[in-house]
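Colleague: Order-wise, the sequence lines are chains A and B. First residue of the first sequence? That's 1 in my numbering, and the numbers climb one at a time after it. First residue of the second sequence? That's 1001 in my numbering, and the numbers climb one at a time after it.
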Amino acid sequence: MDMLPLTEPVLLILMSLAGQPRHGYSILKDVERMSDGRVLLSTGTLYGALRRLLDDDWIERFEERESSRGRQAYRLTVLGRRSLQQEVDRMKQLTRLAALRVAARES
Amino acid sequence: MPTIYQRLLALYPETHRQQFGEEMMTVFEQVRADIRDKGASARAAFCVREIAGLLNGAIGEHMRAFVGSEAGFSFSTRRFTMRNGFRFPKSTAVLMTLILLGVIVAIRKGEAIAYSLPRVNPQLPPIQPVHSMLLSGIPLVFMCFYAAGLVGWAILFALRRSGVHRLAEMSGERK
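What follows is the structure in structure tokens.
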């Protein structure tokens, strides 16, 4: 799979699901918390992203004992976790390189 | 607002509504309950965000359903990288509109000044700006055509005879 840079909302959604399975509302709140209120997802945007991630098999529905149609939980798949890890590695490499370049310029 | 939300939700393809409609409505109600105690500006921002998100999402889902892939309108998992040649920030459109308005106002002022000045040479008629009609006429004609197109498309969409519906039928037949 080609691992292009993820958009910030999608990255935050994946990060939110990395810790535990979550419902839509919980994802929205967690994304808001992680971004210090900077990224506020609408339900349309959230479910567009969730649909796409489901299609790509990066996330899956998580069956709960007391789940209703209005409260569906999602969790990362192995592929989704691997993709998230690749993105994190890519960002690490980028920030390391950026730090080196900035340091070289300053010295 | 919930009524508007439900109406806008109806713009999504049926498969998407069946899959996520109830969930989206539940999450919307939860977020709405959170925002109820906040200020008017927060509530207004929430409404705008939800409406824009739904419209954008509905267009994207229709495009995906009929074209078979993610279109430019839809919310993509991956970042869409624009080439430099196609960059056109929204602020530019606003600035261009402002400049156009400024030009029109300047022409009108010029007209007023031309009429108010004493005619030194009565044999010469007052200077008539040639482009004033052109400048005010073009946007008007454009808006008329645009409105007519929108009305036509809305009628076709309501009758389920729009291009997207036809494409859906074609893709359904192919399957």
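Cβ coordinates follow ideal geometry from the N, Cα and C atoms, glycine included. Quick caveat, the model's predicted, so the values are computed rather than measured.
Taking only beta-carbon atoms, is R1032 (chain B) less than 7 angstroms away from chain A?
Modeller: Cβ-Cβ to chain A under 7 angstroms: no for R1032 (chain B).
Colleague: Suppose the cutoff is 7 angstroms on Cβ atoms and the five residues either side in sequence are ignored; what does the same chain contact list for M1024 (chain B) look like?
Modeller: L1009
Colleague: Mapping the DSSP letters down to three states, classify A73 (chain A) as helix, strand or coil.
Modeller: strand
Colleague: Applying the 10 Å Cβ sphere with the 16-neighbour rule, what's the burial state of S1041 (chain B)?
Modeller: exposed
Colleague: Let's see if you can read the secondary structure: which residues bound the beta strand (DSSP E) around R61 (chain A)?
Modeller: Element bounds for R61 (chain A): 59-62.
Colleague: Cα separation between L79 (chain A) and V1094 (chain B)?
Modeller: Cα atoms of L79 (chain A) and V1094 (chain B): separation of roughly 43 angstroms, rounded to the nearest angstrom.
Colleague: First and last residue of the alpha helix (DSSP H) that includes S26 (chain A)?
Modeller: Per DSSP, the continuous alpha helix (DSSP H) segment holding S26 (chain A) begins and ends at 24-34.
Colleague: For chain A, check one thing: does any of its Cβ atoms lie closer than 7 angstroms to the Cβ of L1135 (chain B)?
Modeller: no
Colleague: To the nearest angstrom, how far is it from the Cα of I59 (chain A) to the Cα of F1066 (chain B)?
Modeller: 24 angstroms
Colleague: Run through chain B and tell me which residues come within less than 7 angstroms of G24 (chain A), C-beta to C-beta.
Modeller: E1023, V1027
Colleague: Report buried or exposed for T1026 (chain B), applying the criterion of at least 16 other Cβ atoms within 10 angstroms of its Cβ.
Modeller: buried
Colleague: Got a sec, what are the start and stop residues for the alpha helix (DSSP H) Q20 (chain A) sits in?
Modeller: Careful: Q20 (chain A) lies outside any alpha helix (DSSP H) and carries neither H nor E.
Colleague: Rank A:V39, A:R38, A:E106, A:L46 by C-alpha distance to the C-alpha of R22 (chain A) and give the top, closest one.
Modeller: A:L46
Colleague: With 7 angstroms set as the bound, which would you pick, yes or no: does the beta-carbon of S42 (chain A) sit closer than that to a beta-carbon of chain B?
Modeller: yes
Colleague: So with Cβ pairs under 7 angstroms, would you call G114 (chain A) a contact of chain B?
Modeller: Outside the modelled stretch of chain A, which goes from 1 to 107, sits residue 114 (chain A), for which no answer is possible.
Colleague: Report the residue from A:R90, A:R33, A:S16 whose alpha carbon sits nearest the alpha carbon of L50 (chain A).
Modeller: A:S16
Colleague: Should T1097 (chain B) be labelled buried (16 or more other beta-carbon atoms within 10 Å of its own) or exposed?
Modeller: exposed
Colleague: Starting from the Cα of L1135 (chain B), find the closest Cα among B:I1099, B:A1033, B:F1046 and give me that residue.
Modeller: B:I1099
Colleague: Go ahead and pull the three-state DSSP assignment for R1160 (chain B).
Modeller: coil
Colleague: Mind checking whether E1061 (chain B) and Y1012 (chain B) have CB atoms under 7 angstroms apart?
Modeller: yes
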